[in-house]
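Residue numbers (our numbering), protein chains in the order written: chain G, 9 to 345; chain A, 819 to 1354; chain X, 389 to 716. Glycine residues also receive a C-beta, built at the ideal position from the N, C-alpha and C atoms. As the structure is a computational prediction, the values presented were derived from the model and not from experiment.
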Amino acid sequence: MVSPRTVRNLKRELGRSALAKVGIALVVAVLLVAVLAPVLAPHHPLKQNLGESQLPPLGFSAVTNETTSEMVNGSIEVVQRERQVDASLSHPLGTDSLGRDMLSRIIYGARTSLLVGLLGTTLAVLIGVTVGLTAGYYGGKVDDGLMRVSDVMLAFPSLVLAIALIGLLGGASLRIPDPIVAAGVEPGMPPNIVLPGTVIVVVALVNWVWFARVARGEALSVRSEEYVKAARALGASDASIILRHVLPNSLTPILVLATIQIAAIILLESSLAYLGFSGANLSWGFDIAQGRQYLSTSWWIASLPGLAIVLAVVGINLVGDWLRDALDPGIEGEGGV
Amino acid sequence: MADDRQSRISRRRYLSLVGSAAAAASVAGCAGGDEIQTPSGDGNGGGNGSGNGGEFAVTITQGQLDSGLDPHDHRETTTDIVLMQAYEGTLDRDAEGKVVPSLAEEYEQVDDTTLRLFVRDGVKFHSGDELTPEDVAFSINRIVNNDVGGLASPQKDQLAGVTEATVVDGERAVDVVSDGVNPVLVSLLASYGDVMQKSWVEGRQKNQINSEVNGTGPFKLERYTEDEEVVYTKFEEYWRDPAAVDRVTLNAAAESSTRVNQLVSGETDIVVNVPPQEVGRINNQGNARVEAVPSTRIIYNAMRYDVEPFSSREFRRAMNYAIDLETIVKEVLSDFADATSQPTLEGFVGYNPDTDIYPYDPDEAERLVEESGHAGASIELHTPVGRYLKDLEIAQAVVGYINELPNVDATVNQRDFGTLAGELTTGSIEDKPHFYLIGWGNETFDASQTLIPLLTSEGVLTSWSNEEFDDLVAQSNAETDENAREQLLRQANQVAHDEAPWIFLNRQYSVYGASGRIEWTPRRDESIKAYSISPK
Amino acid sequence: MSLGRFILKRALQGVFVIWGVVTVVFLLRFVTPGDPITFIAPLDASPALRQRIAAELGLNKPLYVQYFDYLAELVRGDMGYSYISGTEASARIFARLPATVELAVVATLVAVALSIPLGVVSATRRHEPADYAATTFSLAGISTPNFWLGIMLVLVLSVQFDLFPTSRRALGFVDALGYLAQGNPNGLIVWAKYITLPAITLGTYFTALITRLTRSGMLDELGKSYVRATRAKGLPESLVRYKHALRNTLIPVITVLGLQLGSLIGGAVITEAVFAWPGLGTLVINSINARDWPLIQGCLIVIGTSFVVVNIAVDALYAYVNPRVVYD
């Protein structure tokens, strides 16, 4: 499947492009952070300490106008005190409104983003490639029908469709034991990895169209090739022709598109979490939504998780550029968000 | 993000913005001023924004606007606040919650099931017609009877027990008949039952009733722009003294920070639901202030008595001991809330002053969990987001405390309010989540309107069933002696505390921002009456 | 096939797509949990009351009857009445539409105006500082969640420096023009102040995307033999670049723009949520939250229709820019 020529192209492009190296480094870093989250996180990401809420990151201090209310003769008086809050070494990136460690939350947030990005894309590829190859290979009515379905899909903004579908499917999530914690390495960390099942299915359902279109195009172009005709004449079944001849030809553009789609899906997941539709409570988008309320007092709660998203998505996009430049799959444009 | 109804700036405000465009982002000045349809074309920009001819105009900004203007066809506080400027009931409450006469001058209990309301003379509708007893009877019947007034009113149960209202022959009075002893009827009529004009309603289509207003109240409708604003002007023929306010505009902004921005920039005079972290911004501004008052809303975590582990009384009590309620109130809600110990709020009929708040005692909680036999249980707290002040943060804090017990594992499940409410309201306990956060407002200042729907076996919203409790509530419902009734309700509250069907959380405060140019005091029942506003 | 027939064919397909949208939304509605009655009836309403309300709204009829009723009304331009407020859905939607159209048009115009020159400069000055700057910007632009960008803009430009309003829309463009016609330019200034941050928030992704497409397209074209040939013929370099190379580059850019309309609207939804911008996006989210299905359906039909119309226009434009295209 991966020819020596491909590997050569990849290597040559990597040697040429500093950006590709940066991209790979970022992606590897995010992957490591996600996998090793229990080891890297200094605190349990959900462990609250209401007495240490809204601590600023190291190097910053915050003066907060602490307001409380007191009951005086049956009516409520608002009492305001100025309080200097200093950063704490044990919370290098500060804490959120419940006193949870921002660094640990950002580290664990990487897991949610990557799980949704990778699994969502995989599912979208499976659906899209199946539909696309079938449509392209058979052509005619099948093609017309499937393409009209994909037209309808495209006419829904994916974010709106995702919101509606999440409403439909409910907010189910799976929990699988975290192998690192199960091995007893970091017993104080969350014992389970939370897999946001609904979100993964939904992002796949709203993004498969892009893969279907690419796969269909590839299938159309090889359908009339001599070797396909020959295979058919030799009595090969449709399924085996699709699997052995059509599919391999479309792998390169699909791989490149998939890389871009991972980035797009991570952005989509964070949008859903921001709007409160993903059900996640340990996600970059969720923290941005929470921090938004504290913009005028604690800027870091909304800012830092966003920075994490940007870094991860930049890395993936750079890897996507590298693959595209090296493999030249001939697809134009990019999948939508 | 839920309930994101947008506000648009009013045309009047726009004009004053245009007048000072260079400082549009930080427009100061007051919200007074007459409407000018066309700015002057002299290059001065039609500057406006200060009071004009001494008119006193006030703007009130809520989280969302009305859901139509039919006073009998809604159940939201937001719509109620829009309509209470123009519609009135037979009885009313003063700022302390005490029942006072309104369109009924007096009332008397004729027999066990009949309450007679004597209708005030000389009251005019905005249409100019006189209020008649027929109008009062019609309005009550429109609420309680699906066949009157072309409406199946969702307020039917707000007048619980009432079967009909009839005009008393030869007297300017209406008899309100209930299906049995109805000890809370006066209380209900003081909170609900807006009076409409019979002929006006009958002569109009549903969508007209929803976009026009004809009440007896101190303000009459000037302009209604759905989703945008409702503008009232003073009704000069009001039966009491005309209002001090000449014009009231009601609009909405879903985001609390947006509302606060509008207040500090002088675009509005009263904003609702100021979150604690925004209080400082208002106080520091100088031209606005924060007003807070305990509301009639209680926030709680219900635990379903018919499923494990919540079937265990020990487990439910353990959950109450596990959380540090005082700290949640102090740190999450910045003290803009009171801790509760029972379903009924302080100051309500039936509140039990001898019931203590569950102390924070994680050791006792852990012990009780062991005793319950449910050590190692995993529980999931369902919570709406953005429906109540800091709801998601309260839920996260509760779960955070429960997780500190070594023998229980808890998670938060953020729910869309619609879906959650759907599960809570099917009338069948099996449809409800096992463990959920919800809030309940009870404007009647009477325990029964909390205990009956939320905790009795037959209650529509109940997750609990307890014979002793049911008996106490049933007895109180049939008791005509006020003191005896109050004692029964107190006992019921004590039982609820001991059996712990809920994790008792906080009584929500209503926190408002008010501009410096108005005199206004907030009320416990969450109502905002422009009639009570005067210039400072 | 002539252009006319081509457009006719696409229009018919478009009608099919819109019918598909209507059907999908209608089906969604009946499998989605969260009964609209919940929002109309009080929390503690009795089942009998719920049934009354259902009957009043026609929700008790069989599904297929409701479906055909709806289609029949839709053909007459009637989108039904909001469950929550009882007012006409179409009136609500068309009241919100201008805000979203303004936002989308301003964002797109700015994106196109910035990105195409940026992409051309980037390609023609490859490996120069201008190229690096443009590449970095466009990479960051396609990698930044727009809601976060919006929040950061508010944090810096509104909360810190107080340059722009944090949210809302003061007035519509048409109103602003009205004041201008009366000799008062301040309306336009206010309008611009309010739309600046939302438009940047929404437009950044597209600016970045088109910059990338233009750059890579130009690089491709400039390397092609015909460009080398025209250069060899001694045509001025600017003519080579802008007439030939850019023209061919724009073809895929236009296609992508049409297909990205969905993400433009998706972006508008979240941008509106961040800035409390009173457009279709906030309406659709509110309606979904409230299960106000007539409004949800109406919004999605309007969005779907605009998608179809824009894409037909894009195809026609495509054919115009590239006469070799066979209408198929």
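Given that residue i touches chain G, what residues does it touch there, using C-beta distances under 9 Å?
i	result
residue 414 of chain X	Those within 9 Å of residue 414 of chain X in chain G number zero; the least Cβ separation is about 12 Å.
residue 1244 of chain A	Within chain G, no residue comes near residue 1244 of chain A; the closest Cβ sits about 16 Å away, beyond 9 Å.
Give the range of the beta strand (DSSP E) segment to which residue i is assigned.
i	result
residue 1184 of chain A	No beta strand (DSSP E) contains residue 1184 of chain A, which is instead part of the alpha helix (DSSP H) from 1180 to 1190.
residue 515 of chain X	Element bounds for residue 515 of chain X: n/a, residue is neither H nor E.
residue 1258 of chain A	1253 to 1259
Can you tell me where the alpha helix (DSSP H) holding residue i begins and where it ends?
i	result
residue 269 of chain G	255 to 282
residue 164 of chain G	No alpha helix (DSSP H) contains residue 164 of chain G, which DSSP labels as neither H nor E.
residue 1196 of chain A	Residue 1196 of chain A -> not in any alpha helix (DSSP H); beta strand (DSSP E) instead, spanning 1195 to 1202.
residue 589 of chain X	574 to 610
residue 563 of chain X	561 to 569
From the DSSP output, read off the bridge partner residues of residue i.
i	result
residue 948 of chain A	A:942
residue 1042 of chain A	A:1048
residue 1109 of chain A	A:1330
residue 99 of chain G	G:96
residue 302 of chain G	Answer is none; residue 302 of chain G lacks a bridge partner.
residue 910 of chain A	A:918
residue 927 of chain A	A:933
residue 1133 of chain A	BP columns for residue 1133 of chain A are empty, so no partner.
residue 1095 of chain A	DSSP lists no partner for residue 1095 of chain A.
residue 1353 of chain A	A:1336
residue 109 of chain G	G:103
Report back the beta-carbon spacing between residue i and residue j to the nearest angstrom; my notes put them in contact at under 8 Å.
i	j	result
residue 1313 of chain A	residue 1286 of chain A	6 Å
residue 481 of chain X	residue 690 of chain X	6 Å
residue 130 of chain G	residue 174 of chain G	Contact flag wrong, Cβ pair sits at about 19 Å.
residue 1124 of chain A	residue 1028 of chain A	That pair is no contact at about 41 Å.
residue 579 of chain X	residue 558 of chain X	7 Å
residue 531 of chain X	residue 599 of chain X	About 13 Å separates the two Cβ atoms, so there is no contact after all.
residue 33 of chain G	residue 115 of chain G	No, residue 33 of chain G and residue 115 of chain G are not in contact; Cβ-Cβ is about 18 Å, not under 8 Å.
Name the chain X residues that come within less than 8 Å of residue i, Cβ to Cβ?
i	result
residue 1076 of chain A	554, 555, 556 and 664
residue 1028 of chain A	473, 474 and 475
Using CA atoms only, rank isn't needed, just tell me which of the options is closest to residue i.
i	options	result
residue 139 of chain G	G:49, G:228, G:310 and G:27	G:228
residue 1007 of chain A	A:975, A:1035, A:1015 and A:1024	A:975
residue 1273 of chain A	A:1151, A:1199, A:1121 and A:1170	A:1121
residue 1194 of chain A	A:886, A:1127 and A:967	A:1127
residue 1112 of chain A	A:887, A:891 and A:1340	A:1340
residue 51 of chain G	G:217, G:41 and G:108	G:108
residue 333 of chain G	G:12, G:274, G:21 and G:11	G:21
residue 922 of chain A	A:1058, A:878 and A:991	A:991
residue 686 of chain X	X:470, X:642 and X:448	X:470
residue 67 of chain G	G:158, G:97, G:244 and G:310	G:97
residue 970 of chain A	A:897, A:1010 and A:890	A:890
residue 90 of chain G	G:104, G:101 and G:74	G:74
residue 649 of chain X	G:167, G:225 and G:251	G:167
residue 656 of chain X	G:69, G:64, G:165 and G:281	G:165
Note down, in chain order, every chain X residue with its Cβ under 7 Å from the Cβ of residue i.
i	result
residue 964 of chain A	440
residue 279 of chain G	533, 535 and 658
residue 974 of chain A	437
Using a Cβ cut-off of 7 Å, pull out every chain G residue sitting near residue i, in sequence order please.
i	result
residue 532 of chain X	318
residue 1119 of chain A	Simply none; closest approach about 16 Å.
Which chain A residues sit within Cβ distance under 7 Å of residue i?
i	result
residue 269 of chain G	Those do not exist, as residue 269 of chain G stays about 26 Å from chain A at its closest Cβ, beyond 7 Å.
residue 302 of chain G	1095
residue 600 of chain X	Near residue 600 of chain X there are no residues of chain A at all, since even the closest Cβ is about 31 Å away, more than 7 Å.
residue 314 of chain G	None at all; the shortest Cβ gap to chain A is about 17 Å.
Give the residues of chain X in contact with residue i, contact being defined as C-beta atoms less than 9 Å apart.
i	result
residue 1001 of chain A	Going along chain X, no residue has its Cβ under 9 Å from residue 1001 of chain A, so there is no contact; the nearest lies around 19 Å.
Taking Cβ-Cβ distances shorter than 8 Å, what residues in chain A pair up with residue i?
i	result
residue 516 of chain X	Under the 8 Å cutoff, chain A gives no residues; its nearest Cβ is about 38 Å from residue 516 of chain X.
What residues from chain A crowd round residue i, counting only those whose CB sits closer than 9 Å?
i	result
residue 23 of chain G	Near residue 23 of chain G there are no residues of chain A at all, since even the closest Cβ is about 47 Å away, more than 9 Å.
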